[in-house]
Amino acid sequence: MDVSRTVTFNNGDSIPVLGFGVWTGMDPEVQRGSVEWIQTAINVRKSLWERRYASLAFRGKSFLFVPNFQSLNENLESLGMNYVDLFLMHWPQYVVYEKDNFLPKNPDGTVRVTEERNFNQSWEVMEKLLEKKCKAIGVSNFSIKTLEKLFTTAKIIPAVNQIELHPYLVQEELVRYCRGKGIVVVAYTPTGLDVVRKDPVIIDLAEKYSATPTQVILAWHLARGVVAVPKSADEGRQKENRKLPVLEPEDVKRISGLDKNVRLCNKAMEVNGTLWGWTCEQLDRALRDDIQIFVFW
Numbered sequence: 001m002d003v004s005r006t007v008t009f010n011n012g013d014s015i016p017v018l019g020f021g022v023w024t025g026m027d028p029e030v031q032r033g034s035v036e037w038i039q040t041a042i043n044v045r046k047s048l049w050e051r052r053y054a055s056l057a058f059r060g061k062s063f064l065f066v067p068n069f070q071s072l073n074e075n076l077e078s079l080g081m082n083y084v085d086l087f088l089m090h091w092p093q094y095v096v097y098e099k100d101n102f103l104p105k106n107p108d109g110t111v112r113v114t115e116e117r118n119f120n121q122s123w124e125v126m127e128k129l130l131e132k133k134c135k136a137i138g139v140s141n142f143s144i145k146t147l148e149k150l151f152t153t154a155k156i157i158p159a160v161n162q163i164e165l166h167p168y169l170v171q172e173e174l175v176r177y178c179r180g181k182g183i184v185v186v187a188y189t190p191t192g193l194d195v196v197r198k199d200p201v202i203i204d205l206a207e208k209y210s211a212t213p214t215q216v217i218l219a220w221h222l223a224r225g226v227v228a229v230p231k232s233a234d235e236g237r238q239k240e241n242r243k244l245p246v247l248e249p250e251d252v253k254r255i256s257g258l259d260k261n262v263r264l265c266n267k268a269m270e271v272n273g274t275l276w277g278w279t280c281e282q283l284d285r286a287l288r289d290d291i292q293i294f295v296f297w
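Positions 1 to 297 (UniProt numbering) are the ones given, in order, by the sequence shown.
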């Protein structure tokens, strides 16, 4: 499978179909991994990669996008760059900002959010950043409900919606909706952790294609037209992730049939019926406790 191909945004720019996330840091040999694009996150600012490779010279060969944990100016300053390819609104809820406290919480342990501002207002600000400090803007963790509310005021349709997506959380309706709006779907936690990679169906297909479970799952994403962002801090796995089999259509359907509507990410942030400070109704999603895997994202 050709993993060097790209998907075109609704603004005419494009993104490689396979990248990797570096929120826990990166192998200093990353440049030898022939990686086309990189997603930064919370811990990247302190990573070895930031200090050695976040330069304009490296910038020329990579597609870089960042979620808005900090302001775009802070992101650019910490990365040593003057623009990013894609800037995302990381969640629809508005977490109270404290410069030295990434996760301010209420006495009951829930994340402190405010309703004084909303994602429609944030999106209006992001629209003004286009062509100045970012080439494209998008959202993350948005449902159909929150996207439709965004569209009531948005002048620019998001280029991307980055969501948790793997064989146990297929999200077919949301993927179809985004595709109909010209929004590229980007999957985080794309291989679903060990519980998915060890599924008998995935193991069986890995044997069939003489591939690893990770390679099979990434190939499934690309077959669905979804951009995948596997976390990889190892040069060997980076190269392995670029050698993907071409799945037969019936095997793509077989993997999709594993859907359990189970989220494996952000479990640690589920407190008192909320996720990152918002209720299930606000997020338009269910919080399930039948699989207890705690992963921070």
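For glycine and all other residues, C-beta sits at the position ideal for the given N, C-alpha and C.
With 16 as the cutoff for other CB atoms within 10 Å, does Asn82 come out buried or exposed? exposed
Please classify Gly19 as buried or exposed, where buried requires at least 16 other C-beta atoms within 10 Å of its C-beta. buried
Whose CA, out of Val185, Lys243 and Ile203, lies closest to the CA of Phe9? Val185
Backbone CA spacing between Asp13 and Val111 [nearest angstrom]: 35 Å
Straight-line CA distance for residue 338 to Asn118? Lying before the first or after the last residue shown, residue 338 is absent from the chain, which here runs from 1 to 297.
C-alpha gap between Leu244 and Lys132, whole angstroms: 36 Å
Where does Ser143 fall in DSSP's three states? coil
Return the CA-CA distance between Ile137 and Glu127, expressed in angstroms with no decimal places. Glu127 has its alpha-carbon roughly 7 Å from the corresponding atom of Ile137.
Identify the residues that DSSP records as bridge partners of Gly138: which are they? Beta-bridge annotation (DSSP): Gly138 is paired with Leu88.
My guess is that Pro167 and Ile202 are in contact by the Cβ rule of under 8 Å, so how many angstroms apart are they, rounded? 7 Å
Once DSSP output is grouped into helix, strand and coil, what is the label at Ala228? strand
Contact under 8 Å by Cβ, residue 344 with Pro190: The requested residue 344 is not part of the displayed model; the chain covers only 1 to 297.
Just list the residues that DSSP pairs Gln215 with in beta bridges. Note: Gln215 sits in no beta bridge, so no partner.
Measuring only the C-alpha atoms, how far is residue 298 from Ile144? This structure does not reach residue 298, given that the chain is present from 1 up to 297, and the question cannot be answered.
Hey, how far is the Cα of Glu77 from the Cα of Leu129? Cα to Cα, the separation comes out at about 16 Å.
Limits of the unbroken alpha helix (DSSP H) element including Gln162: Segment Val160 to Glu164 is the beta strand (DSSP E) holding Gln162; no alpha helix (DSSP H) there.
Taking Ile203 as part of the alpha helix (DSSP H), name the residues at either end of that continuous run. Pro200 to Lys208
Please check the pair Val7 and Val227, which I expect to be a contact at CB under 8 Å, by giving their CB distance rounded to whole angstroms. 6 Å
Status (buried if at least 16 other CB within 10 Å, exposed otherwise) for Leu205: buried
Would DSSP call Leu169 helix, strand or coil? In the structure shown, Leu169 sits in a strand (DSSP, three-state: E or B).
With DSSP run on the structure shown, which of helix, strand or coil describes Lys149? helix
Excluding sequence positions up to five away, which residues of its chain have a Cβ less than 8 Å from the Cβ of Thr212? Ala206 and Glu240
Given a cut-off of 8 Å, decide if Ile157 and Gly192 are closer than it, judged by their beta-carbon atoms. no
Proximity below 8 Å, CB of Ala219 to CB of Val246: yes
Determine the DSSP secondary structure at Ala187, reduced to helix, strand or coil. If DSSP states are grouped into helix, strand and coil, Ala187 belongs with the strands.
DSSP-derived helix/strand/coil call for Leu18: strand
To the nearest angstrom, how far is it from the Cα of Arg224 to the Cα of Gly236? Cα to Cα, Arg224 sits roughly 25 Å from Gly236.
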